[in-house]
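Mind the numbering: the sequence shown is residues 0 to 617 in numbering that gives the first Met the number 0, read in order.
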Amino acid sequence: MRWKLAELVLDFQKVVEKANISIEDLKQYVILYHPDEQYKDELRKARDIYKVFDVIRSKFCSLFNYNVLLRIAEKFNLPDGFKVIQEYKAEEENYRKLMSSSTLASILQEQHELLHQNLSRTKKIILKLQRWARPPSPTVAEFHEVVKDVFADLGDLIHLLEVRPGSIIVTMIAPERVTGALIALAKRSVGYLKDIGVTWLTIGDTLIINDIEDTEKLPHYDSEQDMLSSSSPNKVENISDNADDYLPSSSVGVVTGTVPSQLSHPSTQAGVDDGGDDTDQEMEADSATPVVDQTWRHYPFKPKEMMIIGSFGDHNNWLEQQYIVSPKLLTTELSDDWRKEEIKRIADLYNRNPDKHQIKSVHYDLPGREHTKEYYMEAIKQFFINCKQEGAILYYTGHGEKDTGNWCFKDGVISFNNIFELYINHFTGKPLTIVSDCSYSGNWINECRNRLDEMIVPSCGHHTRKHGLLFQIDTSCGPNEEATALCYANEANVYSEPDKAVIFYISKTLSSGQTTMHTDFKRIYCSKRANESCKADADCTWNNHCKSHLLRIVRGKDKGWAAWHYLLLDEEKVADFNAKLGGNIDVANYGRILESGWSKDPPKDIEQKMELRLGFIP
Numbered sequence: 000m001r002w003k004l005a006e007l008v009l010d011f012q013k014v015v016e017k018a019n020i021s022i023e024d025l026k027q028y029v030i031l032y033h034p035d036e037q038y039k040d041e042l043r044k045a046r047d048i049y050k051v052f053d054v055i056r057s058k059f060c061s062l063f064n065y066n067v068l069l070r071i072a073e074k075f076n077l078p079d080g081f082k083v084i085q086e087y088k089a090e091e092e093n094y095r096k097l098m099s100s101s102t103l104a105s106i107l108q109e110q111h112e113l114l115h116q117n118l119s120r121t122k123k124i125i126l127k128l129q130r131w132a133r134p135p136s137p138t139v140a141e142f143h144e145v146v147k148d149v150f151a152d153l154g155d156l157i158h159l160l161e162v163r164p165g166s167i168i169v170t171m172i173a174p175e176r177v178t179g180a181l182i183a184l185a186k187r188s189v190g191y192l193k194d195i196g197v198t199w200l201t202i203g204d205t206l207i208i209n210d211i212e213d214t215e216k217l218p219h220y221d222s223e224q225d226m227l228s229s230s231s232p233n234k235v236e237n238i239s240d241n242a243d244d245y246l247p248s249s250s251v252g253v254v255t256g257t258v259p260s261q262l263s264h265p266s267t268q269a270g271v272d273d274g275g276d277d278t279d280q281e282m283e284a285d286s287a288t289p290v291v292d293q294t295w296r297h298y299p300f301k302p303k304e305m306m307i308i309g310s311f312g313d314h315n316n317w318l319e320q321q322y323i324v325s326p327k328l329l330t331t332e333l334s335d336d337w338r339k340e341e342i343k344r345i346a347d348l349y350n351r352n353p354d355k356h357q358i359k360s361v362h363y364d365l366p367g368r369e370h371t372k373e374y375y376m377e378a379i380k381q382f383f384i385n386c387k388q389e390g391a392i393l394y395y396t397g398h399g400e401k402d403t404g405n406w407c408f409k410d411g412v413i414s415f416n417n418i419f420e421l422y423i424n425h426f427t428g429k430p431l432t433i434v435s436d437c438s439y440s441g442n443w444i445n446e447c448r449n450r451l452d453e454m455i456v457p458s459c460g461h462h463t464r465k466h467g468l469l470f471q472i473d474t475s476c477g478p479n480e481e482a483t484a485l486c487y488a489n490e491a492n493v494y495s496e497p498d499k500a501v502i503f504y505i506s507k508t509l510s511s512g513q514t515t516m517h518t519d520f521k522r523i524y525c526s527k528r529a530n531e532s533c534k535a536d537a538d539c540t541w542n543n544h545c546k547s548h549l550l551r552i553v554r555g556k557d558k559g560w561a562a563w564h565y566l567l568l569d570e571e572k573v574a575d576f577n578a579k580l581g582g583n584i585d586v587a588n589y590g591r592i593l594e595s596g597w598s599k600d601p602p603k604d605i606e607q608k609m610e611l612r613l614g615f616i617p
């Protein structure tokens, strides 16, 4: 049903686009619809119709609550919108008929006796449902759907202890070790939970939702897990001889050593655009998270079709533009034909082995000969639809939008989210390499990370492959850097004779000062093979995965005891932190403490956990 909901929103979006409704009018109306400032801010920042409806789908709609779409259809008089909604309602009713008619309490209560003996080392979860759209109370399957929607794969670890009738008060338990992850996931889904009628939610001692006044009437369930909860990591009181039962405070007296995590790798590497989706392979290269330059040749290569786009129009004459264009920087030695030289350089590289790289189309705009954003959106769509190979390369060079790296054309920009939606609709499950050579292009890697984290896709290729999201993104510069003409094409893209393929230099600082970026989102980063269960869980986010260079193991003493902390430094505090080493320091002032413990060194399982969460810099 979640996929059906996504189809509903996409079909409704097409109706809105066809009706030529102003994006600003739409945003303003939806902002009035919802009081939450966070959602309002997300809508205000949305630059295109795709992003607006992405916010609507993820923040305003749930499986059985899509009133916002009805209101939009009424406000803007969209008869086709009502038709789309009616079709979804028919699917919804059919779905409900397939559900069990048994009540939630009578079926799930059977788990109580089985779990009663295993209450140790767990935390309780209390959820109160004040209402339910229809029927009057949720079916068993619908409640499981809610748990899955909010807690993803961790929902399998949540078990029911008690259900009370009336307004449906549910008491559940989950392993203590995943409490933090459950809290984080629940906080991401507060809007959805409130939409379906949740008025109270606690996980352990953390209050997530409190929309009722009679909180004293909520059940108090005394169980063994309440006596086994851990002490706060920032407080140390009455340390006993059994020091392992407590965590050290964040204040470390006399730091005896800090080391970066052992997860970093040399700053410049060569990576082949292997193009291969080695999902079904059982090669040794799949079984670990190795240094890239030792393994990239082991991946099987599969042919790819390629589309090259160059946007070099005269942006100074784009009178209707509502964005800031950041053209490529020009050096004095460039000829007047540098634009054609760059396109030719790219095409010549990939044409050296047409069996691996099949260039299907080359488009480039020059001053006075420029195409629209919609022209290129349609061209990319047709490229995906007509692709006969198992993968594709989409290569862009030209103007970039300031601060976003979006691709600039005479009447608008193409964002990563635009490409993502085209991929979802027309190319899902096939490997796509995006090469973006423009100013601020590194932001597209960040955008992809954000999108996958919003979808709760953990940071390992096992999960992106499961969802059919096989992206690799290579950019010519970082999120805050400007690109120089011909620099990336000449210095970071080379043809490898041994591999008979084009390779990219990863994290290489070019002569212009810009630094290349690369992330292969389909690569398996845990220690399992492609056909084995993944170790990565909801704690393993793509945004954390890129921060291993900020991870420090801090060793010292706390009240005479040897202690350690895993600290994730704030980027802007790295220099201050380094200056304080050797003396007393409160590490909590310099970033986020991920794990702490007593002893000289962290245990191996914690090291593995940190490696899984923060990993190698892709």
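Just so you know, even glycine gets a beta-carbon here, dropped at the ideal spot from N, CA and C.
Everything numeric in this text was worked out from a predicted model, so none of it was measured.
Over what stretch of residues does the beta strand (DSSP E) that includes I207 continue unbroken? Against the sequence shown, residue 207 aligns to sequence position 208. First-last of the beta strand (DSSP E) with I207: T205 to N209.
What's the gap between the Cα of C407 and the Cα of V361? By one-based count along the sequence shown, residue 407 stands at place 408. By one-based count along the sequence shown, residue 361 stands at place 362. C407 and V361: Cα-Cα distance of roughly 17 Å.
Using the Cβ count rule (16 or more neighbours within 10 Å means buried), how would you classify K50? Counting from one through the sequence shown, the residue named residue 50 turns up at place 51. Label assigned to K50: buried.
In chain order, what residues of the same chain lie with their CB nearer than 6 Å to the CB of P602, ignoring the 5 residues before and after it? Residue 602 sits at position 603 when you count from the first residue of the sequence shown. None.
If you draw a straight line from the C-alpha of V14 to the C-alpha of R551, how long is it? As a position in the sequence shown, residue 14 is number 15, starting the count at 1. As a position in the sequence shown, residue 551 is number 552, starting the count at 1. Going from the Cα of V14 to the Cα of R551 covers about 51 Å.
Would the segment 468-484 count as touching the segment 423-436 if we require 3 or more Cβ pairs under 8 Å? yes
What do you get for G367, buried or exposed, if any count of 16 or more other CB atoms within 10 angstroms of its CB means buried? Reading the sequence shown from its first residue, position 368 is the one you call residue 367. That one is exposed.
Taking K88 as the reference, which of K44, L7, I71 and M516 has the closest Cα? Locating residue 88 in the sequence shown gives position 89, where the first residue counts as 1. Nearest C-alpha to K88: L7.
Excluding the 5 residues preceding and the 5 following E16 in the sequence, name in chain order all residues of the same chain whose CB lies nearer than 8 Å to its CB. Sequence index remark: in the sequence shown, residue 16 carries index 17 (1-based). So the list reads I48, once near-sequence residues are dropped.
Are K127 and I71 close, meaning C-beta to C-beta below 8 Å? Taking the first residue of the sequence shown as position 1, residue 127 is located at position 128. Taking the first residue of the sequence shown as position 1, residue 71 is located at position 72. No. Outside cutoff.
Sort I455, H466, L451 and E400 by Cα distance to K429 and report the nearest one. Your numbering for residue 429 matches position 430 in the sequence shown. Nearest of I455, H466, L451 and E400 to K429, Cα basis: H466.
Across the segment 346-360 and the segment 452-464, are there enough close Cβ pairs to call them in contact, namely three or more that are closer than 8 Å? no
How far does the alpha helix (DSSP H) with A378 in it reach, from first residue to last? By 1-based counting over the sequence shown, the position of residue 378 is 379. K372 to N385 is the span of the alpha helix (DSSP H), which, as asked, contains A378.
So, with DSSP's three-state summary, where would you put L11? Taking the sequence shown and counting its residues from 1, one reaches residue 11 at position 12. Inspection of the sequence shows that residue 11 is occupied by Phe rather than by Leu. Correct three-state label for F11: helix.
Please classify A183 as buried or exposed, where buried requires at least 16 neighbouring CB atoms within 10 angstroms. If you number the sequence shown from 1, residue 183 lands on position 184. The residue is exposed, with fewer than 16 neighbouring Cβ atoms inside 10 Å.
Rounded straight-line distance, which links the Cα of L431 to that of E389: As a first step, residue 389 is located in the sequence shown; it is residue number 390 there, counting from the start. As a first step, residue 431 is located in the sequence shown; it is residue number 432 there, counting from the start. Each residue's Cα considered, the two are about 9 Å apart.
Measure the CB-CB distance between F383 and L451 and report whether it falls below 8 Å. Counting from 1 along the sequence shown, the entry for residue 383 is found at position 384. Counting from 1 along the sequence shown, the entry for residue 451 is found at position 452. No.
Touch check for the segment 508-515 and the segment 477-485: three-plus C-beta pairs under 8 Å? yes
Just list the residues that DSSP pairs H680 with in beta bridges. Lying before the first or after the last residue shown, residue 680 is absent from the chain, which here runs from 0 to 617.
Thinking C-alpha only, which one of T371, I125 and I84 is nearest I207? Numbered from its first residue, the sequence shown carries residue 207 at position 208. Ranking the options by Cα distance to I207, first place goes to I125.
Throw me the rounded Cβ distance for the Y439 and K401 pair, which I believe falls under 8 Å. Counted from its first residue, the sequence shown places residue 439 at position 440. Counted from its first residue, the sequence shown places residue 401 at position 402. Right, their Cβ atoms sit about 6 Å apart.
Simplified DSSP state of V189, which is helix, strand or coil: Your numbering for residue 189 matches position 190 in the sequence shown. Correct three-state label for V189: helix.
Considering only residues of the segment 527-589, which uninterrupted beta strand (DSSP E) runs meet the minimum length of 3 residues and lie entirely inside it, listed in chain order? 550-557 and 560-568
According to DSSP, simplified to helix, strand and coil, what is L485? Within the sequence shown, numbered from 1, the residue matching residue 485 stands at position 486. Coil, per DSSP.
Do G397 and F311 come within 8 Å of each other at the CB atom, strictly closer than that value? To locate residue 311, count along the sequence shown from 1; it is residue 312. To locate residue 397, count along the sequence shown from 1; it is residue 398. Against a cut-off of 8 Å, the Cβ pair of G397 and F311 comes out as a contact.
According to DSSP, is H462 part of a helix, a strand, or is it coil? What you label residue 462 is simply residue 463 of the sequence shown in a count that begins at 1. Helix.
Could you tell me the distance, in whole angstroms, from the CA atom of F470 to the CA atom of I195? Position 471 of the sequence shown, counting from 1, holds the residue named residue 470. Position 196 of the sequence shown, counting from 1, holds the residue named residue 195. Roughly 34 Å separates the two Cα atoms.
Per-residue burial, K387 [other beta carbons within 10 Å of its own, 16 or more giving buried]: As a first step, residue 387 must be located in the sequence shown, where it is residue number 388. Exposed, by the Cβ-count rule.
Assess, as a yes-or-no matter, whether the segment 584-599 is touched by the segment 566-574 under the definition of 3 or more beta carbon pairs within less than 8 Å. yes
Extent of the continuous beta strand (DSSP E) to which K303 belongs: Within the sequence shown, the letter at position 304 stands for residue 303. Looking at the DSSP string, the run of the beta strand (DSSP E) that includes K303 is K303 to S310.
Pairwise C-alpha distance: Y395 and L328: Position 329 of the sequence shown, counted from the first residue, corresponds to residue 328. Position 396 of the sequence shown, counted from the first residue, corresponds to residue 395. Between L328 and Y395, the C-alpha separation is close to 16 Å.
Could you say which of N583, H544, E144 and H425 lies nearest to E377 if we only look at CA atoms? Along the sequence shown, one-based indexing puts residue 377 at 378. Taking only the C-alpha atoms, the option nearest E377 is H425.
Would you report the Cα separation of I172 and F75, rounded to the nearest angstrom? Stepping through the sequence shown from its first residue, residue 172 is reached at position 173. Stepping through the sequence shown from its first residue, residue 75 is reached at position 76. Each residue's alpha carbon lies about 46 Å from the other.
Got a sec, what are the start and stop residues for the alpha helix (DSSP H) L200 sits in? Position 201 of the sequence shown, counting from 1, holds the residue named residue 200. Unbroken run through L200 is the beta strand (DSSP E), V197 to I202; no alpha helix (DSSP H).
My assumption, with CB atoms under 8 Å, is that K561 sits in contact with W597. Please give the rounded CB distance. Position 562 of the sequence shown, counting from 1, holds the residue named residue 561. Position 598 of the sequence shown, counting from 1, holds the residue named residue 597. Note that residue 561 is Ala in the sequence shown, not Lys. Contact flag correct, Cβ pair sits at about 7 Å.
In the DSSP output, which residue or residues are listed as bridge partners for R591? Taking the sequence shown and counting its residues from 1, one reaches residue 591 at position 592. Answer by DSSP bridge pairing, in chain order: L567.
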